[in-house]
Amino acid sequence: MSLADRIEGLLLGLAAGDAAGWPAARHRAARMPEWTRRLTRELDTFAEQNATTTLPVPIALNQPPEPLRLGPSDDAEWAAFAAEAVLRAGDDSLLGDLS
């Protein structure tokens, strides 16, 4: 496997994991109607007050689920920007020993 393949896999894995993560799901939920976010907050409060270990996830109920679909986040974008900046700089010493 080439270094380029490994770096591509790294960036794709970071982007997929970031998109599927809890913070990104909460950010996407901001595009849902207010009442769905209120319900999620109420469920959060209930879980905390009752020492429930399973936390509620953002919900759509009878709303279109498109806003909750996985998508890019700023963390993945900044990782791509940083990788591009390193490549444009042309200084391979910045990559360290990745072999």
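Just so you know, we're using this note's numbering here: the sequence shown kicks off at 507 and counts up by one.
Ideal Cβ placement from N, Cα and C applies to all residues, glycine included.
Predicted model, so just to flag it, every value in this text is computed and none were measured.
- Excluding residues up to 5 positions away in sequence, 576 lie with their Cβ nearer than 8 Å to the Cβ of residue 526 in the same chain.
- In this structure, residue 565 sits near residue 542, with a CB-CB distance shorter than 8 Å.
- Residue 582 is classed as buried because its beta carbon has at least 16 other beta carbons within 10 Å across all chains shown.
- Contact check for residue 573 against residue 544 fails: the beta carbons are separated by 8 Å or more.
- Boundaries of the alpha helix (DSSP H) harbouring residue 519: 509-526, taken from the DSSP string.
- Taking C-beta atoms under 8 Å as the contact rule, residue 521 and residue 578 qualify, at a distance of about 7 Å.
- The Cβ-Cβ distance between residue 585 and residue 517 falls below 8 Å.
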